Each structure stands twice: as C-alpha cells, then as structure tokens.
Amino acid sequence: MKYIALVILMITPAFLFSQNNPSPAEILKKIDDNTISDSKVVISRMVIHGRRGERTVRAKTWQRNTSDSFTEYLDPPREKGTKMLKLGDQLWTYSPSTDRTIMISGHMLRQSVMGSDLSYEDMMEDPFLSSLYEGEIAGSGELLGRQVWIMDLTAKKDDTAYARRKIWVDKERYLILKEELYAKSGKLLKQVDIHEVKFIEGRWIAVSATYKDVLKEGDGTEMMIESISFDENIPDYIFSKASLRK
Amino acid sequence: MLIIKLALKNILGAGLRTWLNVIALSFSFVAIIYMQGLYNGMSDQMEKIAIEAEYAGGQYWHSSYDPFDPLTLDDAHGKIPDNLHTLIDRGEAIPILIRAASIYPNGRFQNALLKGIPPDQKILSIPSGVLENGGTSIPALIGGRMARSTGLKKGDYLTVRWRDTNGTFDADEFFISNIMKTDDSAIDNGQLWIPLEKMREMMDMKGEATIVVLKSGSRFAENAGGWNHKNLEFLMKDIRALFLTKSIGGSIFYIILLLLAMLALFDTQILSIFRRRKEMGTLMALGMTRGTLIQLFTLEGAIHSVLAAVAAAIYGIPLLTYSARTGFGLPESTDDFGLAIGNRIFPSFTGALVAGSILLVLTVTTIVSYLPARKIAKLEPTDALRGKMT
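Structure, rendered in structure tokens:
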C-alpha cells in the first residue's frame, strides 16, 4: 500500500507537468486534430501581389479526407469557372475558355497556381505533421499576443517534400501561427505568417495568412477564408473528373 | 547532224528573241541551284551543329526518357548498364543526367532543366571545362540565349531549387562560371549545365544518368539493358523532315520563275512555227519528213536550255562561289526561332545538285518545245508553201 502511494506521489507531478508541457509528438498530434477534418467546404480569397499590381481570386473548395479536393474559381470573371480536382496524388485543371481538362504532373506541378506564390506541388503535400515529422521544442515566445512554442521539425522519411520545418505553435489553441519551410540544404524556401484566427465549429482556424515563396521577390500571396464549414456531407460526384466540365 | 546544225543556225539567227529566252532560262537555272544550295547548306549546318553539340555518334536513352514529353523527366534516370559503363571508362561515351528545376534569376521564378555533364568530356562541343573549378558554389554553364532571357551574366549567383530522387526539396546558390556561345538552341534555352558528379550528389542519384552520348563515328549499337539506342538517322529525322518541307515550300519560288521562262519559250515556239510555215513547206517539199521537222523545232527549243546553262555558268559560277564562301547573313531574331543555324548560312552546291538542275530544265524545256511543234504533224506541204496552217 505504501509502495502504491509512493508511485502515485511520484507520477502525479510528472503527469501534471506533461499536461502543461506536452511532448513534441503530442503537440503535432493536437495540431493535426485541430486542422484536419473528414471533410470541409471553404470559400477563400487569395490576393496575389505581382509586379504589375495585385489581383484577387475567390474560390470555393470542397475537401474530403485530406487527400481529395475540388476547387471552383468564382472570381475574377477571367478565371470564373476554372476548376481543379485533386484525387490522391493526381491533379487536373479545367479551363472553360479552352473547354479542356489538363492533368498537372511532372514539371507542371512546379508552376504557380494563378500566378500566386503557391505551386501545384504545394497543394499536393500531405498535411499530417505528426506522421511526417519528428519535433523538438526549440524555445518559447510570444507571437500575435499569444504564447507560442517554437518547434523544429525534421522529416521522418526521405520522401518528405520539406526536410525541415520551423513552426510557431499557439500553446493553448494548438494552432500554427507562423511556419518556415526549409530545403535539405537548410535554405529557407517558404514562409507562412498567420494574421488572424477565428474559433469556428469548435476549431481554431487561421482565417488570414500570407504565403511567401522566399526565393522570389514580392510581397507573397495573402490567403483569406471567407467561410468554412466542417464535416459536411459532400456527394461523391463532386470528386469526379466529370464534375470539372459541369 | 543536219538538224542540229540547222537548229543552231536558226536559233542564233533569231537574234534578240533567242537571247531573251536564254537569259530568262538562265535565271531559272541560277535560282534553282541557289535555292537548293541554300537549303542544303542550312540542312548541313544544322546537322553539323547538332552532331557537334548534342548527338556526336548517337545516344542511348533511359527507357523512360522522351525529350518531347517533359512529364517523363522525373522518372528518366537510372544506373548505367555495364557495357555503356565500359565505353564511358574508355572515353568513348559520356553520361548526361537531366532533371527539372526551378530557378530564381533576379527574384523571378522560372522553370529550367539541369543537365549534369562530366567537365573533362571532349565528345561534345560544350565548353564543360569551365565547370572544373567552382569554388564553394556549384558552377553552372549557360548559353547566350538563356543569359539573355534571364538577364544573367558571367560571375552572377543564381538560386536554384530542385527535388531530389525522393521528391524532397533542396536549393542552393549556383555560380555562373561562363556563358557559352552556341548556335544550337537545344543545349541552351532554359538549361543549366553543371558538373555531373555534383548533380548526382545533389539529386541522390549516384552512378545514374538520363542519356549516354557516344563518341563521333562510334559504331557501338549493342543492347544495353533497357536503354534504347538512338542512331544519328533517328536523331536527325526531325531536322531532315524540316528541310524537306522547307525545300518543297521554297521550290514554289523557282517553279514560278521556271513557268515564266517556259511561257516565254512556248510563245516563241508558237510564233516561230507560225512565221516559218513557208520554210517548213519548202523543207517538206525537199523531202524532210514531218517527224524530222518536229525534231528540228523541238531541238531548237531544247538548245535554248543548253545556251541558258552556258549563260548561267558565265555569271552563276562566280556568283554562287562567292555566296558559298561569304554565306548569307541572318537577322538577329532568327536565333529565337529554335533553328540551330548560326549567324550565316553557307549554301552548299554539289555536282549532283547542278546536274539535277540542268537535267530538270532541259527536260521541261524539251517538253515545252515539243508541245507546239506537234501541230506540224498535221501540216500539208502545199498549204505550208502557200503560208497556210491547217
């Protein structure tokens, strides 16, 4: 009995401590739990800053199981009706002006999406941080008025797109407030800065962010979420090539 | 022999009319030979440039490699088969590794091809020796067109991003070690040449290549474990097809010229037959058969082409020799058409080309001369003597 009491006494502070200071793996798991859902429908706005000014592109995206998504561009009129379908590791785009569906693969994946700082291959990335990376808490700090952990993530496998990431995670909301993506050589490639977060349907969501290809000149691409709903019942036909031409 | 003498006497006697026809025909001669020589020269030049810079003695391609399908590039790499390796070790072939990458010249994003080549190679005319010493940065060699389109200069640094064999992003600074002047846009546009071993290390593709280029004159064509042998015949197919099309298109110009000359000759023949009715009647009365008379008139027409060949030789040989030596200057913009020609085209005139052109003009002239002369077959000597044509 004494022995049990002693064990309880010993593990209690450790347990309490772990609640306040979760392990890196737990943090990554919680980040995934907060951001990933079975399905979601998002209306977003992308402000692309180019050399000749800026332009805004609005789109509606239906997403299923993180692997499949269907996007229809709503604005500007020039892009209206352009659609994009991602099924696993395959991607197609449909352009109404040419009435043609093109499979995006190989070198085409490196091309920019609508002239933004995002490439098609960025969209093909696996979003599960916990399964792809091993984390290490490098420090703590404050960002956007929130207490954050600064974490260094190293890819578990050789075939991960980014060998290393650095993330700033809200200690309370388990939401990434800033992210840096690095090449194998250690060179910084991309940077994501969150500007605004909202609590929607029980999740903390970044509703305004800037995505920047650091190697490129310019102010990056602003991403804004106008509306988002989770766990929607999306019909299967949406995720078919036939729906591109509809 | 008699009709040859008679024909010569007749056409020389026709004076200016004959010489006008001869001059018009000689223009056709020179134009045909010049145009064909120009296309031959262009084709020879393109083949020579392509052989020196790209194909050498033929190539072996990785089974997934298709230069016309960039989507295949990600998978188009593999270990070099043993028999090709032996050739490489003997200096009779070089491996080249090709991968897609993204470059950021002056902060702009652009797609590019990375090509790894052994710096000490001597098989292709690419000045890869400049890749030997890069210091701490990765040395890169680019062509003049690439330098113009990216604004890069010798000594500049360029950020390049690529994905290794596993798909992981990597990036580094490249140092532009030199800008090569090449007439072959296929080794220039959108391409960066870097040391092969460095590229293999970057891509995590030790001992791998996309293509193997054989030394010029190589007859090696063995089966190489799934790698496909492409001989010069295959590699040149497009260039030859292009020039066949160009040559056919270009022939329209001299066909028009030839038609004009033939029209003049046809008119001369018609006029000649009409004006020489009494002469024909006399000759028939003296015992010349209609067939011989037709031969005489046809021969008179055909001799025009012989005289035209002589006239063409008088001014054509110096003219064409001069043009073959000095070449034909091309405007700057031709460089952007993607044709590996260079700044000047040097026409190439062969004996077969000259003989073929003479034969063509002679045949056409003879046919055109014969057509009006057929009328003589219906000619009655008595009508002819009276100046009548039946």
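Residue numbers (this note's numbering), protein chains in the order written: chain A, 54 to 299; chain B, -16 to 373.
Ideal Cβ placement from N, Cα and C applies to all residues, glycine included.
The structure presented is a predicted model; accordingly, all values stated were derived computationally and were not measured.
Exercise. Going by beta carbon distance, what residues of the same chain come within less than 6 Å of residue 15 (chain B), once the five residues before and after it are set aside?
Worked result: Here residue 15 (chain B) is taken as the residue at index 32 of the second sequence, counted from 1. Result list for residue 15 (chain B): 237 and 340, in chain order.
Problem set entry | alpha helix (DSSP H) runs wholly inside the stretch 197 to 232 of chain B, at least 4 long, in chain order | 215 to 218
For this session: For residue 144 (chain B), return the contacting residues in chain A, with the cut-off set at a CB-CB distance below 8 Å.
Result: Residue mapping note: residue 144 (chain B) aligns to position 161 of the second sequence, counting from 1. Going along chain A in sequence order, the residues near residue 144 (chain B) (Cβ under 8 Å) are 236, 242 and 268.
For this session: Reducing DSSP to helix, strand and coil, say where residue 68 (chain B) ends up.
Result: If you number the second sequence from 1, residue 68 (chain B) lands on position 85. Here residue 68 (chain B) sits in helix by DSSP.
Exercise. At a CB-CB cut-off below 7 Å, which residues of chain A make contact with residue 153 (chain B)?
Worked result: Locating residue 153 (chain B) in the second sequence gives position 170, counting from the first residue. Ordered by position in chain A, the residues that pass the 7 Å Cβ test against residue 153 (chain B) are 236, 237 and 238.
Exercise. Between which two residues does the alpha helix (DSSP H) containing residue 27 (chain B) stretch?
Worked result: Locating residue 27 (chain B) in the second sequence gives position 44, counting from the first residue. That run of the alpha helix (DSSP H) goes -1 to 33.
For this session: Step through the CB atoms of chain B and report whether any lies within less than 7 Å of the CB of residue 128 (chain A).
Result: For the purposes of this step, residue 128 (chain A) is taken as the residue at position 75 of the first sequence. Closer than 7 Å: no.
For this session: Mind listing the chain B neighbours of residue 215 (chain A)? Cutoff is C-beta to C-beta under 9 Å, in chain order.
Result: Mapped onto the first sequence, residue 215 (chain A) falls at position 162. 151 and 152, listed in chain order.
Exercise. By how many angstroms is the C-alpha of residue 64 (chain B) removed from the C-alpha of residue 75 (chain A)?
Worked result: Against the first sequence, residue 75 (chain A) aligns to sequence position 22. Against the second sequence, residue 64 (chain B) aligns to sequence position 81. Between residue 75 (chain A) and residue 64 (chain B), the C-alpha separation is close to 52 Å.
For this session: State the start and end residues of the unbroken alpha helix (DSSP H) segment that holds residue 292 (chain B).
Result: For the purposes of this step, residue 292 (chain B) is identified with residue 309 of the second sequence, where counting begins at 1. Where residue 292 (chain B) is concerned, the enclosing alpha helix (DSSP H) stretches over 273 to 309.
For this session: With distances taken Cα to Cα, identify the nearest neighbour of residue 101 (chain B) among B:89, B:94, B:115 and B:90.
Result: For the purposes of this step, residue 101 (chain B) is taken as the residue at position 118 of the second sequence. The residue with the shortest Cα to Cα distance from residue 101 (chain B) is B:115.
Exercise. Given residue 188 (chain B), which residues of its chain have a CB within under 6 Å of its CB, disregarding the five upstream and five downstream residues?
Worked result: Locating residue 188 (chain B) in the second sequence gives position 205, where the first residue counts as 1. Correct list, in chain order: 60 and 148.
Problem set entry | residue 230 (chain A) in three-state terms, based on DSSP | In the first sequence, the residue the question calls residue 230 (chain A) occupies position 177. Strand.
Exercise. Going along the chain, which residues of its own chain have a beta-carbon closer than 8 Å to the beta-carbon of residue 365 (chain B), five neighbours each way excluded?
Worked result: Taking the first residue of the second sequence as position 1, residue 365 (chain B) is located at position 382. Once the five neighbours on either side are set aside, the close Cβ partners of residue 365 (chain B) are 264.
Problem set entry | Of the residues B:5, B:181, B:171 and B:54, the one placed nearest residue 110 (chain B), counting alpha carbons only | Position 127 of the second sequence holds residue 110 (chain B). Of B:5, B:181, B:171 and B:54, the residue nearest in Cα terms is B:171.
Exercise. Looking at the structure shown, is residue 276 (chain A) part of a helix, part of a strand, or coil, going by DSSP?
Worked result: Numbered from 1 along the first sequence, position 223 holds the residue referred to as residue 276 (chain A). Note: residue 276 (chain A) maps to strand in three-state DSSP.
Exercise. Among residues of its own chain, excluding the 5 on either side of residue 290 (chain A), which ones have a beta-carbon nearer than 7 Å to its beta-carbon?
Worked result: Within the first sequence, residue 290 (chain A) is the residue found at index 237, counting from 1. Contacts found: 296.
Exercise. Of all the CB atoms in chain B, is at least one closer than 7 Å to the CB of residue 101 (chain A)?
Worked result: The residue labelled residue 101 (chain A) in the question sits at position 48 within the first sequence. Chain B contact via Cβ: absent.
Exercise. If you draw a straight line from the C-alpha of residue 158 (chain B) to the C-alpha of residue 232 (chain B), how long is it?
Worked result: Here residue 158 (chain B) refers to the residue found at position 175 of the second sequence. Here residue 232 (chain B) refers to the residue found at position 249 of the second sequence. One C-alpha to the other measures close to 45 Å.
Problem set entry | Backbone CA spacing between residue 271 (chain A) and residue 201 (chain A) [nearest angstrom] | Numbered from 1 along the first sequence, position 218 holds the residue referred to as residue 271 (chain A). Numbered from 1 along the first sequence, position 148 holds the residue referred to as residue 201 (chain A). For residue 271 (chain A) and residue 201 (chain A), the distance between alpha carbons rounds to 28 Å.
Problem set entry | Minimum C-alpha distance to residue 276 (chain B) - residue among B:261, B:346 and B:160 | Position 293 of the second sequence, counting from 1, holds the residue named residue 276 (chain B). For residue 276 (chain B), the nearest C-alpha among the options comes from B:261.
Problem set entry | Beta-bridge partners of residue 218 (chain A), as assigned by DSSP | Here residue 218 (chain A) refers to the residue found at position 165 of the first sequence. According to DSSP, which records beta bridges pairwise, residue 218 (chain A) is partnered with A:206 and A:234.
Exercise. Among the residues of its own chain, which have a CB less than 6 Å from the CB of residue 282 (chain A), if the five just before and after it don't count?
Worked result: As a position in the first sequence, residue 282 (chain A) is number 229, starting the count at 1. 94, listed in sequence order.
Problem set entry | Cβ neighbour criterion (16 or more within 10 Å) applied to residue 167 (chain B) | Taking the second sequence and counting its residues from 1, one reaches residue 167 (chain B) at position 184. So residue 167 (chain B) ends up on the buried side.
Exercise. Is the Cβ of residue 48 (chain B) closer than 7 Å to any Cβ of chain A?
Worked result: By one-based count along the second sequence, residue 48 (chain B) stands at place 65. Output row for residue 48 (chain B): interface = no.
Problem set entry | residue 233 (chain A) versus A:256, A:298 and A:204, residue with shortest Cα-Cα distance | Reading the first sequence from its first residue, position 180 is the one you call residue 233 (chain A). Among A:256, A:298 and A:204, the Cα nearest to that of residue 233 (chain A) is on A:204.
Exercise. Which residue from B:331, B:249 and B:369 puts its Cα closest to that of residue 353 (chain B)?
Worked result: What you label residue 353 (chain B) is simply residue 370 of the second sequence in a count that begins at 1. The candidate whose alpha carbon is nearest that of residue 353 (chain B) is B:249.
Exercise. What three-state label does DSSP hand residue 74 (chain A) in the structure shown?
Worked result: Here residue 74 (chain A) refers to the residue found at position 21 when the first sequence is read from its first residue. Here residue 74 (chain A) sits in coil by DSSP.
For this session: Establish whether the CB of residue 66 (chain A) and some CB of chain B are separated by less than 7 Å.
Result: In the first sequence, residue 66 (chain A) corresponds to position 13, counting from 1. The predicted model places residue 66 (chain A) with a pLDDT of 42, which falls under 50 and marks its position as unreliable; any figure quoted below should be read in that light. For residue 66 (chain A), the answer is no, since every Cβ of chain B falls outside 7 Å of its Cβ.
Problem set entry | Segment limits, beta strand (DSSP E) that includes residue 293 (chain A) | Taking the first residue of the first sequence as 1, we reach residue 293 (chain A) at position 240. Segment: none, residue 293 (chain A) is in no beta strand (DSSP E) and carries neither H nor E.
Exercise. Residues in its own chain within less than 7 Å of residue 91 (chain A) by CB, not counting five upstream and five downstream?
Worked result: Start at 1 with the first residue of the first sequence, and residue 91 (chain A) comes out as number 38. Counting only Cβ-Cβ distances below 7 Å, and skipping sequence neighbours, we find 118 and 284.
Exercise. Between residue 195 (chain B) and the rest of its own chain, which residues show a CB-CB distance below 6 Å, the 5 nearest in sequence each way excluded?
Worked result: Residue numbering aside, residue 195 (chain B) sits at position 212 when the second sequence is read from its first letter. Only 43, 67, 76 and 78 meet the Cβ criterion.
For this session: Closer than 7 Å by C-beta to residue 226 (chain B): which residues in its own chain qualify, once you throw out the five before and the five after it? Chain order, please.
Result: Along the second sequence, read from residue 1 onward, the residue named residue 226 (chain B) stands at position 243. Around residue 226 (chain B): 22, 25 and 26.
For this session: Kindly say whether residue 158 (chain B), judged by its beta-carbon, lies nearer than 7 Å to any beta-carbon of chain A.
Result: Taking the first residue of the second sequence as position 1, residue 158 (chain B) is located at position 175. Not an interface residue.
For this session: Check whether the Cβ atoms of residue -6 (chain B) and residue 286 (chain B) lie closer than 7 Å to each other.
Result: For this step, residue -6 (chain B) is matched to residue 11 along the second sequence. For this step, residue 286 (chain B) is matched to residue 303 along the second sequence. Taking 7 Å as the Cβ cut-off, residue -6 (chain B) and residue 286 (chain B) qualify as a contacting pair.
Problem set entry | Proximal residues of chain B, C-beta to C-beta of residue 158 (chain A) below 7 Å | Locating residue 158 (chain A) in the first sequence gives position 105, where the first residue counts as 1. Those are 54, listed as they occur along chain B.
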